[in-house]
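Residue numbers (the working numbering): 136 to 328.
Worksheet: one structure, shown below.
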Amino acid sequence: MNGYLAEPEEKGPYPALLVVHEIFGLDDHPKDVARRFAAQGYVALAPNLFTGPIAETMTPANVQLAMRALAGAPSDLRSNPAKFREFAESQPPERRPVLEALAQVTDPVTQDGFARDLIACREFLQSLPSVNPQRIGAVGFCFGGAVVGRYATVDPTLTAGVIFYGQNPPLDRVPQIRAQLLGQYAGEDPGIT
Numbered sequence: 136m137n138g139y140l141a142e143p144e145e146k147g148p149y150p151a152l153l154v155v156h157e158i159f160g161l162d163d164h165p166k167d168v169a170r171r172f173a174a175q176g177y178v179a180l181a182p183n184l185f186t187g188p189i190a191e192t193m194t195p196a197n198v199q200l201a202m203r204a205l206a207g208a209p210s211d212l213r214s215n216p217a218k219f220r221e222f223a224e225s226q227p228p229e230r231r232p233v234l235e236a237l238a239q240v241t242d243p244v245t246q247d248g249f250a251r252d253l254i255a256c257r258e259f260l261q262s263l264p265s266v267n268p269q270r271i272g273a274v275g276f277c278f279g280g281a282v283v284g285r286y287a288t289v290d291p292t293l294t295a296g297v298i299f300y301g302q303n304p305p306l307d308r309v310p311q312i313r314a315q316l317l318g319q320y321a322g323e324d325p326g327i328t
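Take a look at the structure:
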């Protein structure tokens, strides 16, 4: 796995943050967020969760293509895998691979895998001399917010997390969360709220 690391200029140790990208992958936005956190006194790691074969399909251009296809689709597609697959099969052939990849990366089992990947990222941060290993949080945007919510259910060492308009973690796992979580949501986003 690769990522983008931003650190304050002065010697630490500092608290650290995982900055989890949107569905567009590790583009300029999460890197900019990581730099802004570093300027405020945090070591910030923006990992690229899209590695391996999925990275070839989940490019920003392909994701934009899929988003245009989804613009007029029913809002419940994201929460209904069978309906999503049916929708993908109804699309022109050039859109199908990215829609299938989108279904894969938003699948709950895959997102659980991404949450476990964040444990490895947290362990990497803890190994850095510039990081206070007891003060590690995570922030995620949309897709990344959903991953942060799931991550909070599997890593009891996480101290804080912020979910920006991402799907909530499964309700049956909420009792496993030990971190302080803050959720920021839009009031009229039927795919999330």
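Cβ atoms here follow ideal geometry from the backbone N, Cα and C, with glycine treated the same way.
Given the structure is predicted, the values throughout are model-derived calculations rather than measurements.
Taking a C-beta distance under 9 Å as the contact criterion, LEU184 and ASP290 do not qualify as a contact pair. With fewer than 16 other CB atoms across the displayed protein chains lying within 10 angstroms of its CB, ALA217 is exposed.
Of the residues SER265, PRO305, ILE312, GLY279, the one whose Cα lies closest to the Cα of ALA151 is SER265. Per DSSP, PHE299 lies in no alpha helix (DSSP H) segment; the continuous beta strand (DSSP E) that holds it begins and ends at 295-299.
For the pair VAL178 and LEU293, the CB atoms are not nearer than the 9 Å cut-off. Nearest C-alpha to ILE189 among PRO232, LEU212, ALA321: PRO232. Collapsing the DSSP output to three states places GLN246 in a helix.
When the alpha-carbon of HIS156 is set against those of GLU144, PRO243, ASP247, GLY275, the nearest one is in GLY275. When Cβ pairs closer than 8 Å are counted between the two stretches, the stretch 190-203 is seen to touch the stretch 235-245, the count reaching three or more.
For GLY187, there is no enclosing alpha helix (DSSP H), as DSSP marks it with neither H nor E. When DSSP states are grouped into helix, strand and coil, PHE222 belongs to the helix group. Residue burial is scored here from C-beta neighbours: ALA250 has at least 16 other C-beta atoms within 10 angstroms and is therefore classed as buried. Secondary structure within the stretch 253-307: the alpha helix (DSSP H) runs of 4 or more consecutive residues, fully enclosed, are 278-289 (chain order). Here GLY272 is near GLY296, since their CB atoms are less than 9 Å apart. Excluding residues up to 5 positions away in sequence, VAL297 lie with their Cβ nearer than 6 Å to the Cβ of LEU317 in the same chain. With respect to the C-alpha of GLY322, the residue from VAL154, PRO304, PHE299 having the closest C-alpha is PHE299. Per the C-alpha coordinates, the member of SER214, ALA208, ASP242, ARG213 positioned closest to GLN226 is ALA208. Straight-line measurement puts the Cα of ARG171 at about 31 Å from the Cα of ASP242. Counted as a single uninterrupted DSSP element, the beta strand (DSSP E) harbouring GLN319 occupies residues 315-319.
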